[in-house]
Structure formats: C-alpha cells, structure tokens
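This report refers to the structure that appears directly beneath it.
In the working numbering, the protein residues as written are 260 to 468.
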C-alpha cells in the first residue's frame, strides 16, 4: 500500500513538473515572438492601358498630378510627342528619386519607363549606388530618412538621335532640375535621354549634370 501511494505521489509530481515547464516554455515563446504589423503592400489605382503605365496608391501627389497630365496627352488622337517626353521625364525622375515610399532596396522606381534592353543594367547600377543602403520597410517600421521629390522643372527639351543596334532612332534630350522636400544630397540637375519606338517613348539614359 505504501509503495502504491509512493508511485501515485511520484507520478503526480512528474505531471505537475511537466505542466509547469510547459507553461513556462509557452510564456517565453509568446514573449519572444514579435507581433507583426500590417504588411506594406501596393495597390494599382489607375492605368494608361495602351502604354503600360500605372498609378499606385503609394505614389505622391506630385506623381499623381503628373500622371493625369500625361494621360490627357496620350488620350488625344494626335499625340504631342514633345509634351509626352516632358511628362514622361517628370514621372521617371519623381518615381526614381522618391525613395521614401519604396518597400526595400530591391523596389527600384521608374523601371517601367526604361527601354527593355537597358532595364536590367539600369536596375543593377541603382542597387549598387542610390538604392544600396535603403532599409526594408515591409512592416512599416523603417525610421530611415529618404528623399521625396517636391518638384521637377523641365529646363530644356531638344530633338536628338540615338543609335541602337545599328538603327538610328529619333528622340529627345530633356534637361531638368529636381527639388526635394528635404535636401539629403541627391542629384538635382540631370539630363534624360528618351527615344521613340513606334508610338511609345522610352528612357535610355540618365546623366547627372
């Protein structure tokens, strides 16, 4: 009888220890597991279907206004290509240099405006330079100070020729001045080279002046 009671006591102690350890482990796990905030996502709110341009909810007011101006130009039966080039250059520069709304360093802006064969090279260059130190903001926790474009002033547009695979394409050189919400040392005076292929314009080069 005594041995039986001893066994019951031992088993009870073991069960209590197992329960206590389980509760302690569970509490520790809950404390150490961070509660994730809402994920940083992007939603398309408008498109210029025929040209493949899109407007996202994260875009700045400046970008949204410029996008609608370009949309008006492209809605015309006869497109004013100089006006098209002007607004395209503005959108390109706003999206490229407004890094504050990008999710991570891999979320490089303005790639939709780049000529397809130049796109990968352009992106890789930016990943090694301007976007290199951009921290991740997937959970809206980034504290890093990053540029926001306040305005883009087009100073000069001139016709140009651009040679691509032994074919000479017509286009534009657009000189522009960029102003920021806060001066963090990013490029201010630039020249964008744009070419025309069929009815669409593409950025093929960006030079800092």
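Note that the Cβ used here is the ideal one computed from N, Cα and C, for glycine as well. None of these values were measured; they are calculated from a predicted model.
Opening and closing residue of the beta strand (DSSP E) in which residue i lies
i: residue 298; result: Element bounds for residue 298: n/a, residue is neither H nor E.
i: residue 435; result: 426–439
i: residue 459; result: 459–467
Residue i - containing alpha helix (DSSP H), residue span
i: residue 332; result: 320–334
i: residue 345; result: 340–356
i: residue 385; result: 375–387
Between the CA atoms of residue j and residue i - distance to the nearest angstrom
i: residue 446; j: residue 382; result: 17 angstroms
i: residue 368; j: residue 311; result: 15 angstroms
i: residue 326; j: residue 317; result: 13 angstroms
i: residue 395; j: residue 362; result: 6 angstroms
i: residue 323; j: residue 402; result: 25 angstroms
i: residue 428; j: residue 302; result: 35 angstroms
i: residue 434; j: residue 373; result: 17 angstroms
i: residue 304; j: residue 313; result: 8 angstroms
i: residue 339; j: residue 319; result: 25 angstroms
i: residue 422; j: residue 336; result: 29 angstroms
i: residue 365; j: residue 386; result: 7 angstroms
i: residue 298; j: residue 357; result: 20 angstroms
i: residue 463; j: residue 412; result: 20 angstroms
i: residue 426; j: residue 459; result: 16 angstroms
i: residue 393; j: residue 351; result: 19 angstroms
i: residue 449; j: residue 414; result: 10 angstroms
DSSP-derived helix/strand/coil call for residue i
i: residue 419; result: strand
i: residue 453; result: strand
i: residue 471; result: The structure shown has nothing for residue 471, since the chain only spans 260 to 468.
i: residue 314; result: strand
i: residue 305; result: strand
Among the options, nearest to residue i - alpha-carbon criterion
i: residue 376; options: 411, 431, 391 and 461; result: 461
i: residue 455; options: 419, 308, 278 and 350; result: 419
i: residue 431; options: 345, 458 and 355; result: 345
i: residue 416; options: 308, 451 and 273; result: 451
i: residue 399; options: 426, 370, 360 and 465; result: 360
i: residue 354; options: 370, 379 and 380; result: 370
i: residue 300; options: 436, 397 and 378; result: 397
i: residue 331; options: 348, 321 and 307; result: 307
i: residue 212; options: 315, 342, 328 and 333; result: No information on residue 212 is available, as it lies outside the stretch 260 to 468 that the chain covers here.
i: residue 436; options: 347, 467, 342 and 424; result: 467
**Meets three-Cβ-pair contact criterion under 8 angstroms: the region 405–414 and the region 431–443** = Judged by Cβ distances under 8 angstroms, the region 405–414 makes contact with the region 431–443, as three or more pairs qualify.
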